[in-house]
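Undergrad: Residue numbers (this note's numbering): 17 to 195. Glycine included, every Cβ here is placed at the ideal spot set by N, Cα and C. Remember, it's a predicted structure, so these values are computed and weren't measured experimentally. One structure is given below, represented as structure tokens, and several questions about it will come after.
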């Protein structure tokens with residue numbers, strides 16, 4: 017007799033068999049497509065907004081003074097705890113699932129982008145300014161390339177978060193998807 021009932025913890029062989037059956041019937045591919053669409057939309061929206069806000073906060077003293085307290089005070093809030101509130105505001109459809117993923121991706125990307133901009137050697141910016149570079153040119157040719165390693169670190173960190181939030185969002189309210 018097994019230590020744990022198959023009702024609570026099915027054996028790996030049963031999981032593999034069910035997965036193969038779902039793949040053969042096409043059910044697995046339909047659910048994977050729905051989940052990948054949600055995660056892609058949330059990841060793209062959250063990372064684009066995170067990079068933009070992070071660059072703005074790191075490059076503008078006024079934006080930094082106004083935005084940093086908000087960013088750092090909202091970051092520790094567990095995004096999954098916001099799910100019921102987001103469902104109330106946006107409904108049970110795709111928008112709420114994509115929004116929770118977007119929020120989960122936004123914060124690590126924005127904070128890492130901000131840190132990357134702040135870690136750029138000020139001498140590089142001074143050299144660009146001394147050569148009469150415009151603010152946009154300095155941002156595009158000096159700041160963004162200098163911050164890229166930290167931006168990519170934030171994107172990597174956000175990838176795992178987005179997957180966890182996808183599963184949680186689909187468990188709460190979804191007709192199809194991996195969660």
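Which of the three DSSP states is assigned to residue 24 in this structure?
TA: Along the chain shown, read from residue 1 onward, the residue named residue 24 stands at position 8. Reduced to three states, the DSSP call for residue 24 is coil.
Undergrad: Which of the three DSSP states, helix, strand or coil, is assigned to residue 19?
TA: As a first step, residue 19 is located in the chain shown; it is residue number 3 there, counting from the start. Three-state DSSP puts residue 19 in coil, outside helix and strand.
Undergrad: Can you tell me where the alpha helix (DSSP H) holding residue 88 begins and where it ends?
TA: Residue mapping note: residue 88 aligns to position 72 of the chain shown, counting from 1. First-last of the alpha helix (DSSP H) with residue 88: 77-90.
Undergrad: Taking only the alpha-carbon atoms, compute the straight-line gap between residue 69 and residue 51 and give it to the nearest angstrom.
TA: Numbered from its first residue, the chain shown carries residue 69 at position 53. Numbered from its first residue, the chain shown carries residue 51 at position 35. Using only the alpha carbons, I get a separation of about 27 Å.
Undergrad: Buried or exposed for residue 66, please, with buried defined as at least 16 other CB atoms from any protein chain shown within 10 angstroms of its CB.
TA: Here the question's residue 66 lines up with position 50 in the chain shown. When all chains shown are included, residue 66 counts as buried.
Undergrad: Give every residue of the same chain whose Cβ lies closer than 8 Å to the Cβ of residue 145, excluding the five residues on either side of it in the sequence, and list them in chain order.
TA: As a working note, residue 145 is residue 129 in the chain shown. Excluding positions up to five away in sequence, the list reads 154.
Undergrad: Given this structure, state the Cα-to-Cα distance separating residue 170 from residue 72, to the nearest angstrom.
TA: The residue you call residue 170 lines up with position 154 of the chain shown. The residue you call residue 72 lines up with position 56 of the chain shown. Those two C-alpha atoms are separated by around 16 Å.
Undergrad: Given that a residue counts as buried once 16 or more other Cβ atoms are within 10 Å of its Cβ, and exposed if not, what is residue 88?
TA: Numbered from 1 along the chain shown, position 72 holds the residue referred to as residue 88. With fewer than 16 Cβ atoms within 10 Å of its Cβ, residue 88 is classed as exposed.
Undergrad: On the criterion of 16 or more Cβ atoms from any shown chain inside 10 Å, does residue 34 qualify as buried, or is it exposed?
TA: Stepping through the chain shown from its first residue, residue 34 is reached at position 18. Exposed: under 16 other Cβ atoms inside 10 Å.
Undergrad: Indicate whether residue 120 and residue 177 have their beta-carbon atoms separated by less than 8 Å.
TA: If you number the chain shown from 1, residue 120 lands on position 104. If you number the chain shown from 1, residue 177 lands on position 161. Result yes, Cβ atoms of residue 120 and residue 177 sit closer than 8 Å.
Undergrad: For residue 63, count neighbouring C-beta atoms within 10 Å of its own C-beta (all shown protein chains included) and say buried if the count is 16 or more, exposed if not.
TA: If you number the chain shown from 1, residue 63 lands on position 47. When all chains shown are included, residue 63 counts as buried.
Undergrad: Can you name the start and end residues of the alpha helix (DSSP H) that residue 190 belongs to?
TA: In the chain shown, the residue the question calls residue 190 occupies position 174. Counting along the chain, residue 190 falls outside any alpha helix (DSSP H), and DSSP gives it neither H nor E.
Undergrad: How about the region 108-126 and the region 174-191: do they share at least three Cβ pairs that are nearer than 8 Å?
TA: Judged by Cβ distances under 8 Å, the region 108-126 makes contact with the region 174-191, as three or more pairs qualify.
Undergrad: In terms of residues, what are the limits of the alpha helix (DSSP H) holding residue 141?
TA: Counting from one through the chain shown, the residue named residue 141 turns up at place 125. Segment 138-146, the alpha helix (DSSP H) holding residue 141.
Undergrad: Classify residue 102 as helix, strand or coil using the three-state DSSP reduction.
TA: Counting from one through the chain shown, the residue named residue 102 turns up at place 86. Looking at residue 102 - three-state DSSP - the assignment turns out to be helix.
Undergrad: In this structure, does DSSP put residue 42 in helix, strand or coil?
TA: Within the chain shown, the letter at position 26 stands for residue 42. Residue state, collapsed to three classes: coil.
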